[in-house]
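Chains as they are written, first to last, in my numbering: chain R, 1135 to 1281; chain S, 1135 to 1281.
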DNA sequence: CGGACTGGTTTTATAATGCAACCACACAAG
DNA sequence: CTTGTGTGGTTGCATTATAAAACCAGTCCG
């Protein structure tokens, strides 16, 4: 079998996440879903990916419980793709990707948008890793232990 | 040209991040690098990926300034791959992926490890998105604005 | 009813990935 | 110095994933 190796059985939770959303398009679909995109054709227009690929990706995300389909909000006979609770749980990952780009991108002037809090229109804070007692942690201050 | 579409020119910082690290292996390589893996053969053993793929991925990560090579720590004539500051900046993304899996995975009992703070051996806190004034924010409490 | 839109499927072409074989250099033992 | 093993790749080939375009049935809009 010479197939893209699946990470499903791996004990590492990072690998398990990537197995679900680690492909080229899934996180962009989810990003658009957070932005309010719900319809097949809207995803396709926004992302510019081939329709067959979008079909496969949406099906995979639905199968994994990240998206779900529901009757279209506009009353038509079509269906909408909307985020489940599990899908909405991906928000910190999107924020972390955004903040990394904002901090380290070679061409930050090309970044077009900023994430702000809706009520004050102020930029959000950087995600901060903290210990149980609230003190900030650097990567070196952490370690992995068996569960 | 029928080639995997690049996200490089996109104005969305999420797309820009994914362009750098959004492939099947890069984040796993980086995860191992945080865990202390430094040598080509060690990455290959740990990840079980083909050597030609590893060659390409490491080169890409070095080109993008996420890894760098330096003389081997053990004094041999070989070279080590180590994270740059930009690479270490990816830690929140790894943590977010880990926490998503911990919270939503279908089979949490298969998750083998826990991230703890080194001094107290207590699990780290969940990454929390906050407004500028420190109040926690849900996804719906945020919005995107032009820069 | 006619035409456009929606949400796909199918077909075909190219690129990415995986595997195995190969290879030059480093290094250690004898 | 010679033989054997480990390192860090490269090359060739097979298979899979992705992309573009054509096609199609059902839906909605006037």
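Note that CB positions come from ideal geometry on N, CA and C, so glycine has one too.
Where residue i meets chain R, residues with beta-carbon distance less than 8 angstroms
i                       : result
residue 1282 of chain S : In the structure as shown, chain S begins at 1135 and stops at 1281. Residue 1282 of chain S is therefore absent and cannot be evaluated.
residue 1247 of chain S : 1145, 1146, 1147, 1278, 1279, 1280, 1281
Chain-order list of residues whose beta-carbon lies under 8 angstroms from that of residue i (same chain, five-residue window excluded)
i                       : result
residue 1205 of chain S : 1213, 1214
residue 1271 of chain R : 1263, 1264, 1265
residue 1180 of chain S : 1166, 1171
residue 1135 of chain R : Any answer about residue 1135 of chain R is weak, because its pLDDT of 45 lies below 50 and its placement is not dependable; what the coordinates show is given next. Cβ within range, chain order: n/a, list empty.
residue 1261 of chain R : 1226, 1229, 1230, 1233
residue 1159 of chain R : 1181, 1183, 1187, 1188, 1191
residue 1281 of chain S : none
residue 1150 of chain S : 1141, 1142, 1144
Chain-ordered chain R contacts of residue i [CB-CB under 9 angstroms]
i                       : result
residue 1185 of chain S : Near residue 1185 of chain S there are no residues of chain R at all, since even the closest Cβ is about 14 angstroms away, more than 9 angstroms.
residue 1138 of chain S : 1158
For residue j and residue i, believed in contact at Cβ under 8 angstroms, the rounded distance
i                       : j                       : result
residue 1269 of chain S : residue 1252 of chain R : With 8 angstroms as the limit, residue 1269 of chain S and residue 1252 of chain R do not qualify as a contact, their Cβ atoms being about 12 angstroms apart.
residue 1201 of chain S : residue 1192 of chain S : 7 angstroms
residue 1168 of chain R : residue 1273 of chain S : 6 angstroms
residue 1245 of chain S : residue 1147 of chain R : 5 angstroms
Residues that residue i contacts on chain S, provided the C-beta gap is smaller than 8 angstroms
i                       : result
residue 1259 of chain R : 1263, 1264, 1265, 1266, 1268
residue 1179 of chain R : By Cβ distance, chain S contributes nothing, its closest Cβ being about 15 angstroms from residue 1179 of chain R, past 8 angstroms.
Beta-carbon proximity list for residue i, same chain, < 7 angstroms, skipping 5 on both sides
i                       : result
residue 1222 of chain S : none
residue 1220 of chain S : 1199, 1200
residue 1177 of chain S : 1163, 1166, 1171, 1188
residue 1195 of chain S : 1160, 1163, 1201
Partner residues on chain S for residue i, Cβ-Cβ distance less than 7 angstroms
i                       : result
residue 1271 of chain R : 1251, 1258
Spatial neighbours of residue i in its chain, beta-carbon cut-off 6 angstroms, leaving aside the 5 residues before and after
i                       : result
residue 1239 of chain S : none
residue 1236 of chain R : none
residue 1224 of chain S : 1164
Where residue i meets chain S, residues with beta-carbon distance less than 9 angstroms
i                       : result
residue 1172 of chain R : Here the premise fails: no neighbours, minimum Cβ distance about 15 angstroms.
Residues, ordered as in the chain, of the segment 1191–1206 of chain S that lie near chain R by beta-carbon distance below 7 angstroms: Result list empty, no residue passes.
Cβ-based contacts, 9 angstroms cut-off: residues of the segment 1222–1239 of chain R near chain S: 1222, 1223, 1224, 1225, 1226, 1227, 1228, 1229, 1230, 1231, 1232, 1233, 1234, 1235, 1236, 1237, 1238, 1239
Those runs of the beta strand (DSSP E) which lie wholly inside the segment 1210–1280 of chain R and span at least 3 residues: 1213–1217, 1247–1251, 1276–1280
Short-range partners of chain R found in the segment 1153–1170 of chain S, where Cβ spacing is below 8 angstroms: For the segment 1153–1170 of chain S, the residues whose beta carbon sits under 8 angstroms from a beta carbon of chain R are, in order, 1156, 1157, 1158, 1161, 1162, 1165, 1168, 1169.
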